[in-house]
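Participant: Chains as they are written, first to last, in the working numbering: chain A, 2 to 128; chain B, 135 to 233. Where is the CB? At the ideal position from N, CA and C, for every residue including glycine.
Have a look at this one:
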């Protein structure tokens, strides 16, 4: 192990979320990994692209579907110092959504800025 | 006949393909991520509104509610529960699933 990692230097981790919440297991699995990873005190960011923005919509009610509604969990990320949530502006607009329609405060960014954020990472995990 | 679409219209071509082949008087049932097509004010809502002139469009309520879309469903799209899904299948001669 290098001296840097032994000293606990934090790497920049980006979780890229591109799937809607209940049609597949990706969204829930991503959130699980984010929560597990949060324990390792890395520099974590989350990006929501395309249908991934649907993970954050308010008003999700899964009683009829009989699966876990995990959208409230996004509100707990702050307690794990995961506060950098980036949402693709074009994806929101195409879906008729605004920032006020989301369950947590986010930074809405255009594709250009999102690309910069990706470039700046040490590790990118894709879901 | 009855068509079902279970994919998001923003990431897949399933809805587009369905509407291309759905003839006048057919029924289209949106399920799973397909229900996002029922929302108003989106990049595909004009296409869906146009389709409503010739086909009946339904969306499965538990899937709509799970995704928080219950207050966004466009006029003309009818919500059905699981019983309504069964009725639609029973009423039509064949079911084409656009997977």
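Of the residues A:27, A:23 and A:39, which one's Cα is nearest the Cα of residue 84 of chain A?
Facilitator: Cα-wise, what sits closest to residue 84 of chain A is A:39.
Participant: Is residue 180 of chain B close to chain A, meaning its C-beta is less than 9 Å from at least one C-beta of that chain?
Facilitator: Not an interface residue.
Participant: Quick one: measure Cβ to Cβ for residue 200 of chain B and residue 63 of chain A, integer angstroms, because I've assumed they're closer than 8 Å.
Facilitator: About 4 Å separates the two Cβ atoms, so the contact holds.
Participant: For residue 224 of chain B, does the count of other Cβ atoms within 10 angstroms reach 16, so buried, or fall short, so exposed?
Facilitator: Flag for residue 224 of chain B reads exposed.
Participant: State yes or no: is the beta carbon of residue 106 of chain A nearer than 9 Å to at least one beta carbon in chain B?
Facilitator: Answer no: the Cβ-Cβ gap between residue 106 of chain A and chain B never drops below 9 Å.
Participant: Report back the beta-carbon spacing between residue 50 of chain A and residue 92 of chain A to the nearest angstrom; my notes put them in contact at under 8 Å.
Facilitator: Confirmed, Cβ separation roughly 6 Å.
Participant: Exposed or buried, residue 73 of chain A, counting other C-beta atoms within 10 Å across all chains shown (16 or more means buried)?
Facilitator: That one is exposed.
Participant: Any C-beta of chain B sitting closer than 9 Å to the C-beta of residue 68 of chain A?
Facilitator: Yes, because at least one Cβ of chain B sits closer than 9 Å to the Cβ of residue 68 of chain A.
Participant: What's the call for residue 106 of chain A, buried or exposed, on a 16-neighbour Cβ count within 10 Å?
Facilitator: Looking at its Cβ environment, which holds fewer than 16 other Cβ atoms inside 10 Å, residue 106 of chain A is exposed.
Participant: Have a look at residue 109 of chain A and residue 188 of chain B and give me their C-alpha separation to the nearest angstrom.
Facilitator: Cα-Cα distance, rounded: 38 Å.
Participant: Just to check my reading of the structure: residue 170 of chain B and residue 55 of chain A have Cβ atoms closer than 8 Å, yes? What is that Cβ distance to the nearest angstrom?
Facilitator: Going by Cβ atoms, the distance from residue 170 of chain B to residue 55 of chain A rounds to 7 Å, so yes, they are a contact pair.
Participant: With DSSP as the reference, please indicate the residues paired to residue 191 of chain B in a beta bridge.
Facilitator: In DSSP, residue 191 of chain B forms a bridge with B:162.
Participant: Relative to chain B, which residues along the segment 45–64 of chain A have a C-beta separation below 8 Å, given in chain order?
Facilitator: Of all residues in the segment 45–64 of chain A, 51, 52, 55, 58, 59, 60, 61, 62, 63 and 64 have a Cβ within less than 8 Å of some Cβ in chain B.
Participant: Can you tell which of A:81, A:69, A:97 and A:21 has its C-alpha closest to the C-alpha of residue 37 of chain A?
Facilitator: Closest option to residue 37 of chain A, Cα to Cα, is A:81.
Participant: Ends of the alpha helix (DSSP H) at residue 135 of chain A?
Facilitator: Beyond the ends of chain A as shown, which are 2 and 128, falls residue 135 of chain A; an answer cannot be given.
Participant: From this set, A:98, A:13 and A:42, which residue's C-alpha is nearest residue 206 of chain B's C-alpha?
Facilitator: Comparing Cα-Cα distances from residue 206 of chain B to each of A:98, A:13 and A:42, the minimum goes to A:98.
Participant: Taking the alpha carbon of residue 218 of chain B as the reference point, which residue from B:140, B:163 and B:143 has its own alpha carbon closest?
Facilitator: Checked all of B:140, B:163 and B:143; the closest Cα to residue 218 of chain B is B:163.
Participant: Which residue from A:104, A:28 and A:41 puts its Cα closest to that of residue 11 of chain A?
Facilitator: Nearest C-alpha to residue 11 of chain A: A:41.
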